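>
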Amino acid sequence: MTSPAEKTNLLGLPKAKLEAFFESLGEKKFRATQVLKWIHQQGVDDFDQMTNVSKALREKLKEVAEIRGPEVVYDETSKDGTRKWVMRMDSGNSVETVLIPDGERGTLCVSSQIGCSLDCTFCSTGKRGFNRNLSAAEVIGQVWVARRSFMPFESAADRPITNVVMMGMGEPLLNFDNVVDAMDLMMEDLAYGLSKRRVTLSTSGVVPALDRLGELTDVSLAISLHAPNDELRNQLVPLNRKYPIAELLAATRRYLSRLPDKRKVTIEYTVIEGVNDRLEHAHELARLLKGLPCKINLIPFNPFPESDFKRPKAMATRRFQGILNEAGYVTTVRTTRGDDIDAACGQLVGQFEDRTRRSQRYIPVHHVAP
Ligand code: SAH
Ligand code: SF4
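First residue of the sequence shown: 1, per full-length UniProt numbering; consecutive thereafter.
#1: Return yes when at least one heavy atom of ligand 1 lies under 8 Å from the C-beta of Pro172, else no.
#2: Using beta-carbon positions only, say whether Ser111 and Thr121 come within less than 9 Å of one another.
#3: Rounded to whole angstroms, what is the Cα-Cα separation between Tyr192 and Gly274?
#4: What are the start and end residues of the alpha helix (DSSP H) that includes Trp85?
#5: Candidates Asn175, Pro228 and Asn234: which alpha carbon is nearest Leu285's?
#6: Alpha carbons only, please: which of Asn163, Glu247 and Asn234 is nearest the one belonging to Arg147?
#7: Among Pro260, Tyr329 and Glu306, which has the Cα closest to the Cα of Lys290?
#8: How is Lys17 classed by DSSP in three states: helix, strand or coil?
#9: Determine the direct distance from the alpha carbon of Glu104 to that of Phe320, and round the result to whole angstroms.
#10: Less than 6 Å between C-beta atoms, sequence neighbours within five positions excluded: which residues of the same chain meet that for Glu19?
#11: Would you mind stating whether Lys37 and Leu190 have Cβ atoms separated by less than 9 Å?
#12: Which two residues bound the contiguous alpha helix (DSSP H) that contains Asn325?
#13: I need the straight-line Cα distance from Phe150 to Glu76, nearest angstrom please.
#14: Between the C-alpha atoms of Gln235 and Asp119, what's the straight-line distance to the nearest angstrom?
#15: Indicate the three-state DSSP secondary structure (helix, strand or coil) for Arg132 in the structure shown.
#16: Helix, strand or coil: how does DSSP classify Met151 here?
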């Protein structure tokens with residue numbers, strides 16, 4: 001008998017790859033259309049439920065393939081409606097996925113790696129080091145699990161997930177192929193059917209990969225800038241020493257100019273007290289971004305136990321925002337959501353360090369709210 005590890009997990013295959021898979025079995029390509037809908041729209045993981053697939057093919061599929069999503073080890077909803085899942089992946093490591101409901105909108109924040117190698121000084125994921133890339137099945141599996149947990153839907157309009165942001169754990173551009181496949185499925189009409197405006201990749205600035213991304217997809221882009229000059233950014237985002245701000249912004253402009261529509265890039269700026277929150281930083285940022293079609297998202301730093309950085313005073317963030325607004329920028333201040341369940345930006349850490357106790361239940365680590 002084939003062990004599960006040798007079976008092809010169909011969950012992570014975008015349409016073209018699923019078609020190729022069926023052709024390799026001597027089947028017609030249109031099987032991919034049927035199976036995509038079953039997996040992603042109906043949330044089915046059992047071939048026997050695929051009633052428009054012949055019994056013989058279902059038997060064959062059971063032998064060579066599987067539909068296997070991550071295992072949910074923690075699922076909790078915050079007082080403000082933010083829901084967090086901790087999902088255990090094949091290796092026993094976990095990642096976190098967060099759903100942030102906001103009126104009609106439901107934004108799912110998806111992880112791309114277990115840990116992160118880029119070690120930004122203000123990020124708890126970075127502080128835990130890098131473990132491994134997630135497979136495409138593990139990336140899309142987070143969307144699959146989240147969507148499935150709301151089934152059956154009351155009506156077709158009842159869509160709990162309207163947007164996906166690759167802003168969970170990890171640097172998505174360092175897991176390029178798997179993230180591109182997963183985003184392909186997010187936008188695939190036979191799967192999740194999200195528009196390219198509603199799928200956003202956030203990067204700290206892997207410049208060559210950003211150029212490659214522009215050749216392959218047209219998802220929306222968020223750039224984690226966090227500082228208005230190289231000297232300061234070198235300290236906060238070590239990757240800046242390799243790809244400094246001028247190169248990053250040039251690549252961002254190239255990406256935007258390739259898009260078929262007029263779209264803005266989101267500039268993310270984590271505001272840290274006494275580090276990058278001075279008024280002169282705001283003025284410098286306004287000068288730096290001149291002419292770039294962008295909106296600026298200010299994220300007050302979310303503290304975590306291993307960090308000495310402090311969350312800025314609300315007043316300081318507002319003054320910072322005021323300067324950018326006066327300079328003509330559209331800015332938003334991200335409100336902290338899900339703080340009581342450690343679901344806020346930069347608080348996603350997972351349990352990947354502890355490989356010896358993988359059978360243990362996930363125990364949420366609570367920090368003292370600021
Ligand atoms: N690696 C990618 C995507 C994941 S991080 C990137 O860096 O863009 C998603 C966002 O959360 C980034 O803008 C990151 O800077 C921000 N973030 C990380 N740690 C944070 C913290 N402690 N407080 C507030 N925002 C944080
Ligand atoms: Fe990695 Fe993004 Fe955290 Fe930096 S902010 S360490 S790139 S996850």
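For every residue, glycine included, the Cβ atom is placed at its ideal position computed from N, Cα and C.
All values derive from a computational prediction rather than experimental measurement.
Taking the coordinates as given:
#1: Start at 1 with the first residue of the sequence shown, and residue 172 comes out as number 172. Indeed, a heavy atom of ligand 1 lies less than 8 Å from the Cβ.
#2: Here residue 111 refers to the residue found at position 111 when the sequence shown is read from its first residue. Here residue 121 refers to the residue found at position 121 when the sequence shown is read from its first residue. Taking C-beta atoms as the reference points, Ser111 and Thr121 fail to come closer than 9 Å.
#3: In the sequence shown, the residue the question calls residue 192 occupies position 192. In the sequence shown, the residue the question calls residue 274 occupies position 274. Spanning the two alpha carbons is a distance of roughly 42 Å.
#4: By 1-based counting over the sequence shown, the position of residue 85 is 85. Where Trp85 is concerned, there is no enclosing alpha helix (DSSP H), although the beta strand (DSSP E) around it starts and stops at Arg83 to Arg88.
#5: Taking the first residue of the sequence shown as 1, we reach residue 285 at position 285. A check of alpha carbon separations from Leu285 across Asn175, Pro228 and Asn234 identifies Pro228 as the nearest.
#6: Within the sequence shown, numbered from 1, the residue matching residue 147 stands at position 147. Out of Asn163, Glu247 and Asn234, Asn163 has the C-alpha closest to the C-alpha of Arg147.
#7: Locating residue 290 in the sequence shown gives position 290, counting from the first residue. Nearest option by C-alpha distance: Tyr329.
#8: In the sequence shown, the residue the question calls residue 17 occupies position 17. DSSP places Lys17 in helix when its eight states are reduced to three.
#9: Walking along the sequence shown from the start, residue 320 turns up at place 320. Walking along the sequence shown from the start, residue 104 turns up at place 104. Separation of Phe320 and Glu104 (C-alpha to C-alpha, rounded to the nearest whole angstrom) is 29 Å.
#10: By one-based count along the sequence shown, residue 19 stands at place 19. Counting only Cβ-Cβ distances below 6 Å, and skipping sequence neighbours, we find Lys29 and Ala32.
#11: Position 37 of the sequence shown, counted from the start, is the residue given in the question as residue 37. Position 190 of the sequence shown, counted from the start, is the residue given in the question as residue 190. Against a cut-off of 9 Å, the Cβ pair of Leu190 and Lys37 comes out as a contact.
#12: Here residue 325 is taken as the residue at index 325 of the sequence shown, counted from 1. Secondary structure note for Asn325: its alpha helix (DSSP H) is the uninterrupted segment Ala314 to Glu326.
#13: Working through the sequence shown from its first residue, we reach residue 150 at position 150. Working through the sequence shown from its first residue, we reach residue 76 at position 76. Answer to the nearest angstrom: the Cα atoms are 13 Å apart.
#14: As a first step, residue 235 must be located in the sequence shown, where it is residue number 235. As a first step, residue 119 must be located in the sequence shown, where it is residue number 119. Rounded to whole angstroms, Gln235 to Asp119 spans 10 Å at the Cα level.
#15: Here the question's residue 132 lines up with position 132 in the sequence shown. Here DSSP, grouped into helix, strand and coil, assigns Arg132 to strand.
#16: Taking the first residue of the sequence shown as 1, we reach residue 151 at position 151. Met151 falls in the coil class under three-state DSSP.
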